[in-house]
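Top to bottom, those sequences are chains B and E.
Just so we're aligned, residue 1 is where the first sequence starts under my numbering, counting upward by one.
Just so we're aligned, residue 1 is where the second sequence starts under my numbering, counting upward by one.
Working notes for the structure below.
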Amino acid sequence: MRLNRRLLLSFDWLWFIGLLLLSGAGLAAIWSTTRGTNLSYYLGRQLTYLCLSLVVFLIVLCFDYHVYTDYISFAYLSGLAVLGLTLVIGHTVHSNKSWLKLGVFAFQPSELVKILVIVALAKYYSDTDRDYLELSELVTGGLIVFGPMLLVMLQGDLGTAIAFVSIYAGLTFLGGLKRKHVVVLVIAAALTLPAGWMMLKDYQRGRIQTVLNPASDPHGLGYQPQQSKIAIGSGGFLGKGFKQGTQGQLGFLPARYTDFVFAVISEERGFLGSISLLGLFLLVSYRLLRAAREAKDKIGSMVTVGVFSLFLFHVLINVGMNLGLLPIAGIPLPLVSAGGSSLLSYFAAMGLCMNINMRRFVN
Amino acid sequence: MVKLQPESNRQAIQRRLNWLYPSLILVFSLLGVRLWWLQILRGPEYARLAEQNRIRSIQVVAPRGPILDRNHVPLVDNRHSLNIILYRELMKDLASTSAFATAKLGIPADDLAAQLRRNRRAGAYQPIVIKQDVGIEDVSIVEANKRDHPEIQLGPEPRRLYRFGNLAAHVLGYVGEISEAELSSNAFPGVQGGELVGKAGVERIYNECLMGQNGAREVLVDSVGRELGMLEEKDATIGGDLQLTIDFDLQSQAEGLLAGNVGAIVMMNPRNGEILAMAAAPSFNPNNFTPRISARDWNALMNDPDHPLQNRAVQNSYPPGSIFKLVVAEAGLEEGFIEDGTHVICQGAAIFYDAIRHCWNENGHGYMDLEGAIKNSCNIFFYTVGQRMGIEKISKHAKALGFGGRTGVDLPNELLGVVPPGPRWFAGETISVAIGQGPISATPLQVIRAVSAIATDGKLVTPHLLLKAERGPAPGPWPEQQLAIKPENTRKIRAGMWDSVNSGGTGHGAAIPGFDICGKTGTVQVISAERKKEIKKDLQDFETHAWFAGFAGRDNPEVAVVVFLEHGGGGGAAAAPMAKEMFRAYYAKKSTTDTVSKAAEHSPGGEVR
């Protein structure tokens with residue numbers, strides 16, 4: 001057994017408790033919004049996913065993280081294959097063909113692939129001893145990320161796809177950029193943006209426009225952000241209480257146990273609850289960043305920063321859209337939103353980072 | 001295997017990691033500040049919005065009160081009707097809704113778009129009426145497509161039903177949505193935009209009594225508008241009953257007599273001013289204004305040269321013609337210009353103020369005292385009296401009898417008529433006025449009121465239509481005024497009026513053997529005889545106006561009638577027979593029921609055949 005006493009002592013309990021509290025907040029919100037409705041099975045399902053996630057978390061924790069990084073190319077290619085398979089035989093939910101059905105379980109491979117991409121890119125970038133990345137490495141790294149991203153985009157899941165950009169950005173920054181390469185990347189981004197805008201569907205463009213002008217279409221595309229703001233604002237300082245949030249309970253909030261779960265918690269728990277939730281996210285983010293600093297090798301830092309980037313990006317986009325600051329994109333709130341694939345992937349990722357953190361001392 | 005990295009590389013990574021801390025602070029301060037802004041600073045406002053979201057107040061339109069005749073015959077009440085309504089919050093996409101509404105329900109896409117634009121600012125849960133008062137075909141189409149178009153539903157609305165169509169249309173009036181002008185002028189205090197108000201007739205005058213109290217249902221709803229529970233329900237209260245003095249049978253009789261004519265008939269109790277019938281022709285169907293009058297119908301009403309919306313009994317005035325001789329007679333008697341021996345010798349014409357004036361009878365009436373002059377409607381007698389008395393005295397007595405002033409009837413837009421003298425008065429005009437021609441005009445209601453005063457020895461009543469209002473201002477007391485007229489003077493005038501009807505006078509067309517009917521005819525020249533000869537055309541527009549005003553019985557009057565026919569011919573030939581039919585209907589009614597008039601019941605003079 002590789003889990004010796006010293007490793008156990010290095011386990012960051014506060015970090016772990018932070019993860020559990022976030023998942024617990026999610027469970028409470030799901031309970032609050034689905035109890036007594038025909039969706040009441042969501043709570044049991046989420047609880048099952050949480051147990052499963054904790055098992056995966058523990059397994060990931062058990063073995064030295066180099067075991068995973070050494071075999072990443074195989075895992076990465078398998079992940080690509082599954083993504084491709086999903087495109088062919090996948091199951092469509094809300095116009096996203098991103099679900100794979102295994103018996104009773106439906107799974108979104110794209111969530112797990114993000115973790116594989118982090119590790120794969122971290123592995124690739126950390127194989128060099130140089131302080132800066134060469135242009136060829138930037139391009140190859142780009143291919144590692146944008147290959148799966150393209151497949152996810154083909155599934156129609158734009159929100160998940162955009163998250164890949166954050167991975168590339170975070171790890172490339174850490175790998176080191178020469179000034180001229182920054183210029184190259186900026187130009188590349190500048191060229192891609194208009195094309196991306198053209199590729200967006202009308203409703204997606206509309207969602208971006210409603211952020212700039214929320215009153216433009218209160219009954220159409222502006223409805224969801226408006227209702228979300230009403231939910232959060234009406235929570236006030238102390239909130240309306242458990243199961244008392246009218247916006248969430250009466251269905252004015254869309255996707256109230258998934259994408260808009262933050263609004264539900266803010267409505268029922270008030271500023272006190274929502275700022276505490278933000279505090280927990282800050283705690284976990286901080287722990288990730290600290291783990292990256294303390295990691296004993298480059299790949300450890302790289303993997304942790306990749307997870308940090310993805311995590312912070314998800315929190316920013318999801319909470320930002322709940323607060324009406326950012327356009328609506330189908331991005332769940334890490335650890336809190338209902339959804340097994342995302343929860344499992346995040347616990348696996350957190351397991352990996354805590355693994356790296358536990359093994360930070362060079363032995 | 002663990003691969004050790006060079007120290008420089010490690011330092012570079014640490015340096016870059018330090019850069020990530022500010023990003024952490026930036027992201028979380030941004031989100032935290034926004035939370036503070038939404039929840040603390042603007043919390044109360046959003047709390048209000050959340051309440052508005054879940055609680056909605058749905059107005060329940062109160063039906064207007066029914067209008068009954070004096071015997072409780074319902075003239076106006078309400079019927080159930082269905083509107084097609086659009087719930088925008090249930091609408092999936094406008095294109096399919098619009099296509100459905102146009103193809104299946106016949107609602108033009110433009111109309112629908114306009115309605116949506118108009119209600120842009122209203123909450124999405126507020127239903128929009130897209131088609132009013134639909135028939136069974138539309139109802140079945142909406143029901144059949146419930147599944148595909150849940151946004152299109154049916155909603156009930158009580159609607160005004162004028163049970164007898166045109167009957168008493170001018171008295172009853174009609175209803176319509178309150179206009180912008182009425183809203184801004186506060187013509188109907190407390191009435192909100194979109195509500196129905198009376199636009200004419202008693203619907204307008206007694207709008208407050210007739211309008212019910214709208215109810216409201218405060219319901220808790222979810223985001224798709226499903227009602228989850230009732231918070232508070234306030235039932236709509238139907239408006240108050242309005243009982244009119246109108247008698248359905250007499251009104252029907254009057255309407256029947258006027259059919260095809262232009263004019264008015266009013267029957268009134270001369271003792272208390274209760275109007276038993278008030279008909280004007282041409283008429284209109286107030287049901288056409290419900291739910292909304294079509295542009296075609298409206299234009300037809302507006303462009304009709306006979307102005308069907310005008311209530312000729314009160315909203316137009318005409319020279320009273322020979323009926324005005326009664327006023328001149330009253331003035332002459334009171335002022336001492338007509339005494340027991342006063343008479344003229346009528347030779348068919350005479351000179352007044354250097355002009356030849358004709359009597360209607362070119363052969364002359366010969367010896368004419370007051371009674372004979374009234375009976376035969378002799379112009380020469382009244383020219384003479386008028387000339388002696390002068391316009392001031394005629395005018396004074398005309399005004400005392402209610403000419404040129406409001407009768408006080410409970411109808412809107414009553415016309416005052418004209419009483420001389422005007423600003424520039426020529427003595428010759430006094431001669432015309434003495435026989436009710438020239439610059440003098442009165443409404444038929446003013447005429448019947450003045451004649452009633454003569455019938456009742458000078459009691460000037462306020463004609464009115466309201467018998468009992470269940471709610472709102474209590475009816476009356478309707479002001480009555482006792483004029484300073486000597487009873488023996490009115491008795492003399494009545495004697496002339498009795499002769500006119502019953503002993504071969506101009507009003508003999510109104511005679512019913514056995515009944516004490518008194519009356520006076522009037523025939524108004526629209527154009528002078530000379531001018532008519534010049535034009536040499538016998539156009540309908542130059543035909544004389546026909547008048548008859550009278551009452552029964554002679555010394556215990558219980559009912560008065562005025563008949564006016566615009567370009568209807570001679571008063572004796574055209575108007576008097578109609579008055580006769582009105583009297584006949586009155587007595588027929590009286591012999592079968594005792595509810596015609598309380599005053600009539602106690603009147604000893606009311607003979608029943």
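The beta-carbon is built from N, C-alpha and C at its ideal position, and this holds for glycine as well.
According to the Cβ coordinates, are residue i and residue j closer than 8 Å?
| i | j | result |
| --- | --- | --- |
| Leu196(E) | Glu177(E) | yes |
| Leu465(E) | Asp410(E) | yes |
| Gln243(E) | Leu467(E) | yes |
| Gly90(B) | Leu100(B) | yes |
| Thr456(E) | Arg271(E) | yes |
| Ala552(E) | Asp516(E) | yes |
| Gly212(E) | Ile238(E) | yes |
| Gly324(B) | Lys240(B) | no |
| Arg269(B) | Gly235(B) | yes |
| Leu250(E) | Ala277(E) | yes |
| Val171(E) | Lys199(E) | no |
| Arg554(E) | Arg471(E) | no |
Only counting the same chain, and skipping five residues up and downstream in sequence, which positions put a Cβ closer than 7 Å to that of residue i?
| i | result |
| --- | --- |
| Ala349(E) | Ile356, Arg357, His358 and Cys359 |
| Gln525(E) | Gln437 and Thr544 |
| Val314(E) | Val409, Leu411, Glu414, Leu415, Thr443 and Leu445 |
| Gly193(E) | Ile178 and Leu183 |
| Ile323(E) | Gly436, Val447, Lys520, Gly522, Trp547 and Ala549 |
| Leu312(B) | Ser285 |
Once the 5 residues before and after residue i are set aside, which same chain residues still bring their CB inside 6 Å of it?
| i | result |
| --- | --- |
| Ala434(E) | Val328, Phe382, Tyr383 and Gly386 |
| Gln59(E) | Asn214 and Ala216 |
| Gly321(E) | Gly436, Gly522, Thr523, Val524 and Trp547 |
| Leu109(B) | Residue 109(B) is actually Pro in this sequence, not Leu. So the qualifying residues of the chain are Val82, Leu83, Thr86 and Leu100. |
| Asn285(E) | Gly165 and Asn166 |
How is the alpha helix (DSSP H) around residue i delimited, first residue to last?
| i | result |
| --- | --- |
| Val262(E) | From DSSP, Val262(E) is part of no alpha helix (DSSP H); its letter is neither H nor E. |
| Ser285(B) | Val261 to Glu294 |
| Ser23(E) | Glu7 to Leu35 |
| Trp298(E) | Ala295 to Asn303 |
| Trp547(E) | Note, Trp547(E): premise wrong, no alpha helix (DSSP H); beta strand (DSSP E) at His545 to Ala552. |
| Cys209(E) | Asn207 to Leu210 |
Exposed or buried, what is residue i when buried is set at 16 or more other beta-carbons lying within 10 Å of its beta-carbon?
| i | result |
| --- | --- |
| Leu82(E) | buried |
| Val284(B) | buried |
| Arg120(E) | exposed |
| Met198(B) | exposed |
| Gly165(E) | exposed |
| Gln224(B) | buried |
| His149(E) | buried |
| His72(E) | exposed |
| Met302(E) | exposed |
| Gly190(E) | exposed |
| Ile351(E) | exposed |
| Ala331(E) | buried |
Along the chain, where does the beta strand (DSSP E) that runs through residue i open and close?
| i | result |
| --- | --- |
| Ile351(E) | Ala349 to Phe352 |
| Thr37(B) | Neither: Thr37(B) is in no beta strand (DSSP E) and is coded neither H nor E. |
| Glu480(E) | Unbroken run through Glu480(E): none, as it is neither H nor E. |
| Gln243(E) | Leu242 to Leu244 |
Report the partner residues of residue i according to the DSSP bridge assignment.
| i | result |
| --- | --- |
| Ser441(E) | Val418(E) |
| Asn83(E) | Gly155(E) |
| Tyr162(E) | Val76(E) |
| Glu274(E) | His464(E) |
| Thr521(E) | Phe548(E) |
| Ala216(E) | Gln59(E) and Lys234(E) |
| Asn413(E) | Note: Asn413(E) sits in no beta bridge, so no partner. |
| Gly366(E) | Cys346(E) |
Using a Cβ-Cβ cutoff of less than 8 Å, which residues in the same chain neighbour residue i once the five nearest sequence positions on both sides are dropped?
| i | result |
| --- | --- |
| Leu171(B) | Ile118, Leu121, Ala122, Tyr125, Gly141, Met302, Val305, Gly306 and Ser309 |
| Leu483(E) | Ala400, Leu401, Ala453, Gly458, Lys459 and Leu460 |
| Met1(E) | For Met1(E), the pLDDT reaches just 44, beneath the cut-off of 50, and the residue's location in the model is therefore unreliable, although a value from the coordinates is still provided. So no residue of the chain qualifies. |
| Ala511(E) | Val501, Asn502, Ile517 and Lys580 |
| Ser73(B) | Ala120 and Lys123 |
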